[in-house]
Structures are given as C-alpha cells and as structure tokens.
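In the working numbering, the protein residues as written are 152 to 423.
Beta carbons are placed, not taken as given, at the ideal position from N, Cα and C, and that holds for glycine.
I have placed the structure first, in the form of structure tokens, so that the comments after it can refer back to it.
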Amino acid sequence: MRSLVNEDCQLQLVRKNVLKEKTKIYFGSDIIGDKLCIIAGPCSVEDETTTLRIAEKLAKLGLRFFRAGAFKPRCSPYSFQGLCEKGLTILEKVKKETGLKIVTEVIDIGVIDIVAEVADILQVGAKNMGNTSLLKKLGCCNKPILLKRGMAAQLDELFLAAEYILLGGNSNVILCERGIRTFNNYTRFTLDIAAIPMIKDTSHLPIFVDPSHATGRRDLIIPMSKASVAAGADGLLIEVHDEPDKSLSDADQTIGIKAFVTLLRELDNPLG
C-alpha cells in the first residue's frame with residue numbers, strides 16, 4: 152500500500168519504520184496494541200452513585216478500562232460542562248472500588264497534573280488535537296495519551312500532533328479515529344473506516360475507533376464497531392450507560408448495558 156504521508160510532511164517518530172514492532176502499552180497483564188481492547192463508560196461523570204453503578208456493572212462483564220469525562224469541553228456554553236475536580240474524585244473512587252483503569256479527558260495545560268493523578272490514560276479530545284501547547288506538555292507526562300483526530304483534520308495533521316507528544320519523550324500514544332465532517336447529514340460525523348488500515352500502514356502507533364462520536368446514533372454503534380474491528384482497529388471507545396436516555400451528555404449516541412453485551416457477543420467477547 153502506498154504511504155499516505157506527503158513528501159514534505161516531516162515525520163520522524165510516528166512512522167512505522169522507526170520501530171521494528173508496533174507500539175504496545177502495558178498495564179500489567181493488560182496490553183494495548185496486542186489484542187482488541189475496549190474502553191467503555193458514560194460520556195460524563197454525572198454523580199458518584201450513577202458512575203459507580205455503571206462502573207460496577209461493566210467491571211462484572213470483564214471491562215478493564217473505564218471512560219468518563221470529568222472535564223467536558225462542549226460546543227455550547229449552556230451544555231453540561233462536567234463536574235471537573237469533583238468528577239476526578241469520583242473517578243478515583245471508581246478506580247479504588249472496582250479496579251478499573253481510568254480514561255478521562257485533559258482539556259488544557261492547567262489540569263494535566265490533577266488529571267494524571269487519577270487517570271491511567273489521558274485523552275486529548277478532537278477540539279484539542281491542534282493545541283500544540285497542550286501536546287508539548289503531554290510529551291513530558293508519564294501517562295499514556297489517547298489522541299483523537301480533529302473533526303476536520305487530515306491524517307498527516309493527526310500524525311504531526313502525535314509527533315509533538317513523542318518528541319517530548321512520551322512514547323505511549325494511542326491514535327483515535329472519531330469521525331470527520333463531510334457533506335453527510337444522516338450521522339453526527341462520518342466514520343473514516345479507510346483511515347484505519349492507512350494509519351496502520353504508516354505508523355507503529357495503535358489505532359482506536361470511537362463509533363459513538365463518529366455516528367452520534369446508538370443504533371449504529373454495533374455495526375460500526377464490527378466494521379472498525381474488521382478494518383484492523385486495535386480498540387474501541389464506546390459510550391455506555393445503564394440508563395442511556397437519562398445520560399447528561401450525548402444520550403443519542405450512548406448504548407445501554409444490554410446492547411453492550413450484544414456487542415461483546417458479536418465480537419466474540421474480547422473481554423473474556
């Protein structure tokens with residue numbers, strides 16, 4: 152397959168030929184970049200009772216990585232912005248009581264340290280993919296970074312964003328395809344399935360897919376997850392709530408526990 156990277160795009164650390172093997176990120180016996188990994192949980196940390204209840208249900212299914220946003224950078228200033236520091240406290244309790252590893256978003260350089268105290272993986276959202284100040288600081292962080300593709304970003308731009316983090320000395324970077332803007336108006340964004348094999352052909356970094364944000368429709372989560380895995384994705388980032396219609400953010404793209412179990416079954420239960 153021909154490399155997608157433009158000749159004038161200087162990638163020194165992201166390229167596949169830099170390492171003999173693809174990057175794997177180790178969390179004890181759990182390895183990202185080895186077999187299919189699923190990160191799941193509600194869009195936001197809503198309150199302690201709800202978050203713990205969902206986490207416990209997912210942990211019983213075998214989930215190892217729990218996602219929930221304490222800080223929520225929203226398009227509208229009138230939308231729920233997250234519980235911030237209080238949300239981190241709740242996630243810390245989830246971690247202690249369930250043993251789940253925490254994935255949550257870091258929105259600016261001022262909160263890196265407090266997020267890193269709780270999170271096992273720090274997420275950079277699509278809105279911050281081009282925030283070079285944040286990326287540089289995360290290059291000095293000793294925690295893995297899940298870097299989402301910007302909603303209008305070319306793959307070269309995603310690679311260069313990752314290059315900022317790698318250049319700072321942090322080699323544990325996970326790329327995430329989460330949908331891009333196109334003329335399509337029947338889903339929230341367009342899931343770029345072709346990006347998965349293209350990224351794997353170019354880079355040694357693991358690639359995850361977020362079908363929740365890419366489609367914005369819960370009825371499409373299972374088929375798009377299966378398509379992503381078939382295309383070679385190393386992992387999935389899924390929004391799950393035990394009462395999805397009551398989710399404080401992104402309810403339309405959040406699936407319930409029963410649907411999540413169906414997804415696991417159709418993927419031959421990667422949590423087992």
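Alpha-carbon spacing of residue i relative to residue j, whole angstroms
{"i": "Tyr315", "j": "Ile350", "result": "17 Å"}
{"i": "Arg153", "j": "Lys246", "result": "The pLDDT assigned to Arg153 is 45, lower than 50, so where the model puts this residue is not dependable; a value taken from the coordinates is nonetheless given after this. Those two C-alpha atoms are separated by around 43 Å."}
{"i": "Phe222", "j": "Leu371", "result": "26 Å"}
{"i": "Ser363", "j": "Gln161", "result": "32 Å"}
{"i": "Val196", "j": "Ala410", "result": "21 Å"}
{"i": "Arg332", "j": "Phe340", "result": "5 Å"}
{"i": "Ile92", "j": "Ser400", "result": "The structure shown does not extend to residue 92, since the chain spans only 152 to 423, so no value can be given for it."}
{"i": "Ile182", "j": "Lys175", "result": "6 Å"}
{"i": "Leu306", "j": "Ser376", "result": "20 Å"}
{"i": "Pro357", "j": "Gly220", "result": "22 Å"}
{"i": "Arg369", "j": "Ile406", "result": "6 Å"}
{"i": "Leu311", "j": "Asp352", "result": "16 Å"}
{"i": "Gly184", "j": "Asn335", "result": "31 Å"}
{"i": "Asp393", "j": "Met280", "result": "30 Å"}
{"i": "Ala345", "j": "Gly367", "result": "19 Å"}
{"i": "Pro395", "j": "Gln404", "result": "9 Å"}
{"i": "Lys244", "j": "Ala384", "result": "30 Å"}
{"i": "Asp361", "j": "Ile389", "result": "6 Å"}
{"i": "Ile325", "j": "Gly319", "result": "15 Å"}
{"i": "Ala378", "j": "Pro348", "result": "12 Å"}
{"i": "Leu298", "j": "Arg218", "result": "14 Å"}
{"i": "Gly301", "j": "Leu309", "result": "7 Å"}
{"i": "Ala402", "j": "Ile263", "result": "27 Å"}
{"i": "Ile408", "j": "Phe359", "result": "21 Å"}
{"i": "Val257", "j": "Gly276", "result": "8 Å"}
{"i": "Leu214", "j": "Glu328", "result": "21 Å"}
Any non-hydrogen atom of the ligand ADP closer than 6 Å to residue i Cβ
{"i": "Ser195", "result": "Although the ligand ADP was asked about, the structure shown includes no ligands whatsoever."}
Residue closest to residue i, alpha-carbon to alpha-carbon, out of the options
{"i": "Lys211", "options": "Ser230, Ile347, Ala191, Tyr229", "result": "Ala191"}
{"i": "Ala381", "options": "Phe178, Leu187, Lys171, Ile183", "result": "Leu187"}
{"i": "Asn420", "options": "His392, Leu387, Pro395", "result": "Leu387"}
{"i": "Ala270", "options": "Gly290, Gly423, Thr240, Gln163", "result": "Thr240"}
{"i": "Leu418", "options": "Leu289, Ile373, Thr366", "result": "Ile373"}
{"i": "Phe216", "options": "Cys235, Tyr177, Lys237, Pro224", "result": "Tyr177"}
{"i": "Ala267", "options": "Asp361, Lys278, Leu242, Gly319", "result": "Leu242"}
{"i": "Lys294", "options": "Ala277, Gly281, Gly261, Asn321", "result": "Asn321"}
{"i": "Cys226", "options": "Gly179, Lys278, Lys173, Thr338", "result": "Lys278"}
{"i": "Ile189", "options": "Gly301, Val254, Leu342", "result": "Val254"}
{"i": "Ala304", "options": "Asp264, Leu289, Gly330", "result": "Gly330"}
{"i": "Thr338", "options": "Gly179, Ala365, Val257", "result": "Ala365"}
Where residue i falls: helix, strand or coil (DSSP)
{"i": "Glu197", "result": "coil"}
{"i": "Thr413", "result": "helix"}
{"i": "Ala381", "result": "helix"}
{"i": "Ser154", "result": "Confidence in Ser154 is poor, its pLDDT being 47 and thus under 50, which makes the residue's placement too unreliable to answer from."}
{"i": "Leu388", "result": "strand"}
{"i": "Glu328", "result": "strand"}
{"i": "Val254", "result": "strand"}
{"i": "Lys299", "result": "strand"}
{"i": "Lys186", "result": "strand"}
{"i": "Gly233", "result": "coil"}
{"i": "Thr338", "result": "coil"}
{"i": "Leu273", "result": "strand"}
{"i": "Ala219", "result": "coil"}
{"i": "Arg225", "result": "coil"}
{"i": "Asp181", "result": "strand"}
{"i": "Gly192", "result": "strand"}
First through last residue of the alpha helix (DSSP H) which encompasses residue i
{"i": "Asp352", "result": "346-353"}
{"i": "Ala365", "result": "362-366"}
{"i": "Leu286", "result": "283-289"}
Start and end residues, beta strand (DSSP E) containing residue i
{"i": "Leu317", "result": "It is not in any beta strand (DSSP E) - Leu317 instead sits in the alpha helix (DSSP H) that spans 306-318."}
Any C-beta of chain D under 7 Å from that of residue i
{"i": "Val266", "result": "In the displayed structure, chain D is absent; only one protein chain is listed."}
Note to self: Quick test of the definition: if touching needs 3 or more C-beta pairs under 8 Å, does the region 225-240 touch the region 168-186?
What the structure shows: no
Check: Is the number of C-beta pairs between the region 275-285 and the region 303-317 that are closer than 8 Å three or more?
Finding: yes
Notebook entry, point to check: For the region 248-267 against the region 197-216, are there 3 or more C-beta pairs whose distance is under 8 Å?
Noted result: yes
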